[in-house]
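Undergrad:
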Amino acid sequence: NAGVTQTPKFQVLKTGQSMTLQCAQDMNHEYMSWYRQDPGMGLRLIHYSVGAGITDQGEVPNGYNVSRSTTEDFPLRLLSAAPSQTSVYFCASSYSRGFGGANVLTFGAGSRLTVL
Amino acid sequence: AQKITQTQPGMFVQEKEAVTLDCTYDTSDPSYGLFWYKQPSSGEMIFLIYQGSYDQQNATEGRYSLNFQKARKSANLVISASQLGDSAMYFCAMRENPHAGGGNKLTFGTGTQLKVEL
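First to last, the protein sequences are chains L and C. Take the first sequence: its letter number 1 is residue 384 in my numbering, and every next letter is one higher. Take the second sequence: its letter number 80 is residue 218 in my numbering, and every next letter is one higher.
Here is the structure:
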C-alpha cells in the first residue's frame with residue numbers, strides 16, 4: 384500500500400517553462416488536494432477535488448491548473464513557471480470529502496520545485 | 139485576520155521534559171476540527187492528533203494531548219516526556235464546516251520549530 388505518491392521529488396525549471404507534478408493515491412480516497420509550503424507561511428491550498436471530474440480553487444490557484452479524470456490521479460500543472468512558484472508542493476488525500484470525524488488528510492512526500 | 143496563529147517560531151525543551159506548543163484559531167463556525175501535524179527534517183507531514191469542536195474531552199494519542207479551550211479558541215499541543223526524535227516543525231491546522239461541495243480543506247498555521255536537547 385503506497386499511500387500518496389508524488390513525482391518528481393525535485394525539479395528545476397526555467398522561467399516560462401511548463402511542467403506537471405504528478406500525484407497518485409491507491410487508497411480509493413474521494414478527496415484530493417494540492418498545497419504549497421513556503422518558509423514562514425505554512426501550507427496553503429492551491430486546488431482541490433471532491434471526486435473524479437470535480438475540481439475547485441483553493442487559496443492560491445493562480446498559475447496552476449488541475450484535472451481529475453480518475454479517482455486515483457490528481458496532477459498539478461504549472462502553465463508558465465515563475466520564480467514565485469519556487470516552493471515545496473504537497474499532494475494530500477482523504478477518504479471522504481465531508482466533515483464527519485477526523486477524516487485525516489494523508490500527505491505525499493512532497494515535491495521541491497525551483498524556478499530560475 | 140489569520141485563522142490559525144502559532145506565536146512560537148522556535149522552542150527548546152530538554153529530553154524527558156514536557157512541552158506545550160501554542161495554537162489559537164479564529165472561526166465563527168460552530169462546527170470545526172483542529173489538527174496537529176509533525177514535519178521532521180525529512181519533509182513529510184505526519185498526522186498527530188485531532189479534536190472536534192463538539193468533543194467533550196481533550197484528545198490524546200500516546201504522548202500527545204491536545205489542550206482544547208473552546209472559549210479561548212486555543213488548541214495547544216502538549217508533548218509529554220520529550221524525545222530527541224520529537225525535534226521537528228509542528229503545524230496546527232483547522233477545518234471549518236464546509237459549505238456544500240466545500241471539501242476537506244485545512245488552513246494551516248506558520249508552524250513551531252521544536253528542538254529537543256539532551
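Beta carbons are placed, not taken as given, at the ideal position from N, Cα and C, and that holds for glycine.
Specify the secondary structure class of L222(C) as computed by DSSP and reduced to three states.
TA: Here the question's residue 222(C) lines up with position 84 in the second sequence. The answer is helix: DSSP assigns L222(C) an H, G or I state.
Undergrad: Is it true that the CB of T250(C) sits closer than 9 Å to the CB of Q152(C)?
TA: In the second sequence, counting from the first residue as 1, residue 152(C) sits at position 14. In the second sequence, counting from the first residue as 1, residue 250(C) sits at position 112. No, these two residues do not count as a Cβ contact at 9 Å.
Undergrad: For V395(L), tell me which candidate among V449(L), Q420(L), A464(L) and S477(L) has the shortest Cα-Cα distance.
TA: The sequence position of residue 395(L) within the first sequence is 12, counting from 1. Cα-wise, what sits closest to V395(L) is A464(L).
Undergrad: Measuring straight from C-alpha to C-alpha, what distance separates S452(L) and I429(L)?
TA: Here residue 452(L) is taken as the residue at index 69 of the first sequence, counted from 1. Here residue 429(L) is taken as the residue at index 46 of the first sequence, counted from 1. Each residue's Cα considered, the two are about 18 Å apart.
Undergrad: Report the neighbours of T248(C) on chain D: residues whose CB is nearer than 9 Å to its CB, in chain order.
TA: Structure shown: chain D not included; protein chains present are L and C.
Undergrad: For E199(C), I'd like the list of residues in its chain whose CB is within less than 8 Å of its CB, leaving aside the five on either flank, ordered along the chain.
TA: Here residue 199(C) corresponds to residue number 61 of the second sequence, with the count starting at 1. Taken in chain order, the residues that qualify are L186 and I187.
Undergrad: Just checking: is the beta-carbon of T158(C) within a distance shorter than 9 Å of some beta-carbon in chain L?
TA: Looking up residue 158(C) in the second sequence gives position 20. Taking Cβ atoms only, chain L never reaches closer than 9 Å to T158(C), which makes this a no.
Undergrad: Measuring CA to CA, which of F246(C), E155(C), P168(C) and A213(C) is closest to E255(C)?
TA: The residue given as residue 255(C) occupies position 117 in the second sequence. Of the listed residues, the one whose Cα sits closest to E255(C) is E155(C).
Undergrad: List the residues of chain L whose Cβ lies closer than 7 Å to the Cβ of Y188(C), in chain order.
TA: Taking the first residue of the second sequence as 1, we reach residue 188(C) at position 50. Correct list: A485 and V487.
Undergrad: Under 8 Å by Cβ, that's how I've got T165(C) and M232(C) pegged, so tell me the actual separation to the nearest angstrom.
TA: Translated into positions along the second sequence, residue 165(C) becomes position 27. Translated into positions along the second sequence, residue 232(C) becomes position 94. Contact flag correct, Cβ pair sits at about 7 Å.
Undergrad: Is it the case that the segment 433 to 443 of chain L contacts the segment 199 to 216 of chain C, given that we only count it when at least three CB pairs across the two stretches are under 8 Å?
TA: Touching, no, given that fewer than three Cβ pairs across the two stretches are closer than 8 Å.
Undergrad: Contact check, L404(L) vs Y478(L) under 8 Å by CB: the rounded distance?
TA: As a first step, residue 404(L) is located in the first sequence; it is residue number 21 there, counting from the start. As a first step, residue 478(L) is located in the first sequence; it is residue number 95 there, counting from the start. About 22 Å separates the two Cβ atoms, so there is no contact after all.
Undergrad: Name, going along the chain, the residues of the segment 427 to 460 of chain L whose beta-carbon falls closer than 9 Å to a beta-carbon of chain C.
TA: Within the segment 427 to 460 of chain L, the residues whose Cβ lies closer than 9 Å to some Cβ of chain C are R427, L428, Y431, S432, V433, I437, D439, G441 and E442, listed in chain order.
Undergrad: Measuring CB to CB, does S180(C) end up less than 9 Å from S225(C)?
TA: Reading the second sequence from its first residue, position 42 is the one you call residue 180(C). Reading the second sequence from its first residue, position 87 is the one you call residue 225(C). No, they are not a contact pair.
Undergrad: Taking Q177(C) and F246(C) to be in contact with their CB atoms under 8 Å, please state how far apart those CB atoms are, rounded to whole angstroms.
TA: Within the second sequence, residue 177(C) is the residue found at index 39, counting from 1. Within the second sequence, residue 246(C) is the residue found at index 108, counting from 1. The pair is not a contact, with the Cβ atoms about 10 Å apart (cut-off 8 Å).
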